[in-house]
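So the structure is just underneath, and the comments pick up after that.
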Amino acid sequence: MDFTETILRGLKGCPLLKKHGVTAVGFAGMDAKKRSVSILNTKGELIIEEHVDGGRDMQYPFVLLYRSLDTDTAGKLAAQRLIDEVADWLTAPENLPSVQGCDVQRITRADPCTLISEDETGADFQGSFALEYYKEG
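In the numbering used here, each number is its position in the sequence shown, counted from 1, plus 32.
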């Protein structure tokens with residue numbers, strides 16, 4: 033199971049990104065010269081609970097990163113709204129990914145998406161998430 037690839041594939045299908053000019057979707061890094069979205073896996077898979085039948089409730093934590101080219105207040109506020117809307121889209125039950133070998137239950141937000149850095153070329157936003165799933169034993 034490659035959750036990183038699965039989440040990226042889902043994000044590439046997010047209509048909000050194309051609508052707002054996001055041209056790059058990738059892993060572990062953003063393109064400083066483009067509006068881009070990236071994810072980064074933070075801890076690997078975590079076992080939440082083990083069941084007597086051998087099944088396990090698992091969690092895959094990851095971070096969603098967004099690079100905006102806007103540097104003024106209005107642009108940064110628009111970027112904040114966009115990453116919040118993408119986060120809502122990502123966590124909506126109808127957008128859950130299908131992963132062979134496990135039952136994806138939900139994607140949750142661990143914290144709000146916030147501005148983490150900015151310079152003269154743009155601003156970076158980040159939010160933490162967890163994909164929760166059940167894996168048979």
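The beta-carbon is built from N, C-alpha and C at its ideal position, and this holds for glycine as well.
Asked	Found
CA nearest to the CA of ARG141, picked from GLU81, VAL95, HIS52	VAL95
Any 3 or more C-beta pairs closer than 8 Å across the stretch 149-161 and the stretch 112-123	yes
C-beta atoms of ALA56 and LYS66 nearer than 7 Å	yes
Residue of ASP89, LEU49, LYS75, ASP34 minimising C-alpha distance to ARG99	LEU49
Per-residue DSSP class, three states only, for GLN91	strand
Where GLU82 falls, given that 16 or more other Cβ within 10 Å makes a residue buried	exposed
Run of the alpha helix (DSSP H) containing GLU117, from where it starts to where it stops	105-123
Cα-Cα separation between GLY76 and TRP121, rounded to whole angstroms	23 Å
Exposure label - GLU164; buried when at least 16 CB within 10 Å	buried
Top-ranked residue by Cα proximity to GLY133, from GLY45, LEU109, ALA162, MET90	MET90
Delimiting residues of the beta strand (DSSP E) encompassing ARG41	Note, ARG41: premise wrong, no beta strand (DSSP E); alpha helix (DSSP H) at 35-44.
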